[in-house]
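These notes are about the structure you will find just below.
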Amino acid sequence: MYALIVSNVSFLTAVPPVIVKLAEPEQRLDTCIEFTVWGYPQPQLRWFHKQKEIIENDYIRTEMGFYQDYLEGCLTFQNPTHINNGNYTLEASNAMGTVTKTVYGHFLENPDEPVTPPHSGPPDEDTFGVSIAVGLAGFACVLLLVLFVLINKYGRRSKFGMKGPVAVISGEEDSASPLHHVNHGIITPCTLDAGPDAVVIGMTRIPVVENPQYFRHGHNCNKPATLVQHIKRRDIILKRELGEGAFGKVFLAECYNLSPTKDKMLVAVKTLKDPNLSARKDFQREAELLTNLQHDHIVKFYGVCVDGDPLIMVFEYMKHGDLNKFLRAHGPDAMILVDGQPLQSNGELGLSQMLHIATQIASGMVYLASQHFVHRDLATRNCLVGNGLLVKIGDFGMSRDIYSSDYYRVGGHTMLPIRWMPPESIMYRKFSTESDVWSFGVILWEIFTYGKQPWFQLGNNEVIECITQGRVLERPRICPKEVYDIMLGCWQREPQQRLNIKDIQKVLFAMGKATPVYLDILG
Ligand code: AMP
0 MYALIVSNVS FLTAVPPVIV KLAEPEQRLD TCIEFTVWGY PQPQLRWFHK QKEIIENDYI
60 RTEMGFYQDY LEGCLTFQNP THINNGNYTL EASNAMGTVT KTVYGHFLEN PDEPVTPPHS
120 GPPDEDTFGV SIAVGLAGFA CVLLLVLFVL INKYGRRSKF GMKGPVAVIS GEEDSASPLH
180 HVNHGIITPC TLDAGPDAVV IGMTRIPVVE NPQYFRHGHN CNKPATLVQH IKRRDIILKR
240 ELGEGAFGKV FLAECYNLSP TKDKMLVAVK TLKDPNLSAR KDFQREAELL TNLQHDHIVK
300 FYGVCVDGDP LIMVFEYMKH GDLNKFLRAH GPDAMILVDG QPLQSNGELG LSQMLHIATQ
360 IASGMVYLAS QHFVHRDLAT RNCLVGNGLL VKIGDFGMSR DIYSSDYYRV GGHTMLPIRW
420 MPPESIMYRK FSTESDVWSF GVILWEIFTY GKQPWFQLGN NEVIECITQG RVLERPRICP
480 KEVYDIMLGC WQREPQQRLN IKDIQKVLFA MGKATPVYLD ILG
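Numbering-wise, the sequence shown is residues 0 to 522 according to numbering that gives the first Met the number 0.
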């Protein structure tokens, strides 16, 4: 029996909990008490209000996620009133100990109590205070008015001189354009580094989240431990390198005693480089996550090997590698090179194959949505291609090393796949099944451009400007109108107005069936 409870495997040094931050909510503005907790094993949290433990419900609940080794989140209130005022105590405990910290939360005044303290100062002092307040308010109004006029006049103008919600800029014909920061005295939307978890665009501070695909994990502290299969190191024979990801190198390997019918089989193994605390925890979380996700269009995960170094994850081997590379290799410009000389074309993908690829990714996404799993990083680089044009969603960690230009680095090490992200994810850190649908629209675009980078002609700041202003990618030259209509349905600004992934899958499947296979490129 190879089953092993990975949660109980202690690769990490135990650390007692520390409450790094517990922020007082800003009166009237905040509906959340922010906290940051550190410790290993992951601390369990409890909240107390006026010495009584808070039982979470629709009105008060904890939302949290991992940021590096820290558990960050909010005790969130829905429409808090004066009844919610008072001391809040956070208790964090793990096997190593328990700590508490208290903060005062003041949300609204009690309507039955006088709002202002009884008057005590001399009358002329009061009048002076009022005059200053009125003066300051007047100054602020003038300042705001000037800002408003300036922003309306210049701030919304893009370098393409387009206004309106859905202007389209070319995805293929435009030539590459350099990054612009300064713009002749105009207020230019520019991107500034605003610390580890925020980016400022124009006047907007955008929060960002690292390792977003693990965020969901934080919501589920009390879920039953996941059984991750354990594979013995002596059963894995490395054959050759397949690629490199954020975790480390990926190898083709033979694995013994994995299948009940074959004594050995080909697998892809991911090794964990630099196994520091943070990387080990990511490794452990990805293993648990993958064990729980099983579907025909999600790459099959066999288990982990943790007896010794490096740590290894074992996956089914997908012969043709990642979908982005595959698309590029089967585009109009791709050639097989022999001794540096073009020999023959790889064979261009046809419409039916493109639809087949898209339908399979949509199937995987229907499954993810049914599991309430939000991927947050769907892109062709994170899909894999096997025999017979079998396509699966293949990466729940990060492929950020080799495709680093697809990610936008903010605040030092946070990388965001902005070119695949909808406005609400860029601006408000909102990720949902609907934001995954937006990314699917971008995947369709990638498929129909044979793997081009979305907005390849623009720098990251310009991409952010375009997406947040409501521009969308142009129809690729070979893309039928019906397919582009699906892309547009994925790129509706309002998340609720976007197409549903189930409907997308059905439509793509029907289109694929109605399209003759005129070019068979793969055996
Ligand atoms: P990743 O760490 O998942 O980003 O993988 C890095 C690269 O290794 C990918 O871009 C693929 O080319 C290759 N690769 C990853 N997983 C597999 C797999 N299961 N089968 C074949 N190649 C893979």
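Heads up, the beta-carbon is just placed ideally off N, CA and C, and yes, glycines get one too.
Under 8 Å between C-beta atoms of residue i and residue j
i, j, result
"ILE442", "ALA509", "no"
"PRO24", "ILE32", "yes"
"LEU326", "ILE466", "no"
"ASP306", "LEU383", "no"
"MET312", "GLY393", "no"
"TRP454", "VAL471", "no"
"ARG418", "VAL373", "no"
"LYS231", "CYS304", "yes"
"PHE106", "THR80", "yes"
"LEU288", "PHE395", "yes"
"SER555", "HIS319", "Here the chain comprises residues numbered 0 to 522, so residue 555 is not present and cannot be evaluated."
Inter-residue spacing [alpha-carbon to alpha-carbon] between residue i and residue j
i, j, result
"ARG380", "GLN452", "10 Å"
"LYS512", "ASN459", "38 Å"
"PRO259", "VAL365", "30 Å"
"ARG45", "ARG428", "25 Å"
"GLU52", "SER351", "59 Å"
"THR290", "GLN283", "11 Å"
"VAL298", "PHE34", "36 Å"
"LEU367", "LEU292", "8 Å"
"PHE439", "ASP111", "53 Å"
"ASN83", "SER431", "29 Å"
"GLU315", "HIS329", "23 Å"
"THR448", "VAL36", "45 Å"
"ASP234", "VAL268", "12 Å"
"GLN370", "CYS478", "31 Å"
"PRO494", "LEU276", "37 Å"
Contact set for residue i: own chain, Cβ-Cβ below 6 Å, skip 5 residues either direction
i, result
"THR99", "THR88, GLU90"
"PRO421", "SER434, TRP437"
"LEU237", "PHE250, ALA252"
"LYS263", "GLU253, TYR255"
"TYR483", "ARG474"
"GLU62", "GLY72, CYS73, THR75"
"ALA22", "GLU33"
Own chain partners of residue i with C-beta closer than 8 Å, once the 5 adjacent residues on each side are dropped
i, result
"GLY85", "HIS48, LYS49, TYR103, GLY104"
"PRO534", "Past the boundaries of the shown model lies residue 534; the chain is included only from 0 to 522, so the question cannot be answered."
"PRO177", "Note that PRO177 scores 27 on pLDDT, short of 50, meaning its location in the model is unreliable and no value can be drawn from it."
"LEU310", "PHE10, THR270, LEU271, PRO274, ARG279, PHE282, VAL303, CYS304"
"ALA13", "TYR39, PRO40, ASN93, ALA94, MET95"
"TYR301", "GLN228, ILE230, CYS254, LEU257, VAL266, VAL313, PHE314, GLU315"
Cβ-heavy atom distance, residue i to ligand 1, below 7 Å
i, result
"MET426", "no"
"PHE447", "no"
"GLY242", "yes"
"VAL325", "One point to set straight first is that residue 325 is Phe, not Val, in the sequence displayed. No - ligand 1 has no heavy atom lying nearer than 7 Å to the Cβ of PHE325."
"GLY393", "yes"
"GLU315", "yes"
"ASP321", "yes"
"LYS100", "no"
"LEU237", "no"
"LEU498", "no"
"LYS269", "yes"
"VAL390", "no"
"VAL249", "yes"
"VAL14", "no"
"VAL298", "yes"
Below-8 Å beta-carbon distance, residue i vs any chain D residue
i, result
"GLN496", "No chain D is part of this structure, which consists of one protein chain only."
Chain-order list of residues whose beta-carbon lies under 7 Å from that of residue i (same chain, five-residue window excluded)
i, result
"THR514", "LEU350, SER351, LEU354"
"ARG497", "GLU433, VAL436, TRP437, GLY488, CYS489, GLN491"
For the segment 358-369 and the segment 486-506, state whether three or more C-beta atom pairs, one from each stretch, are separated by less than 8 Å. yes
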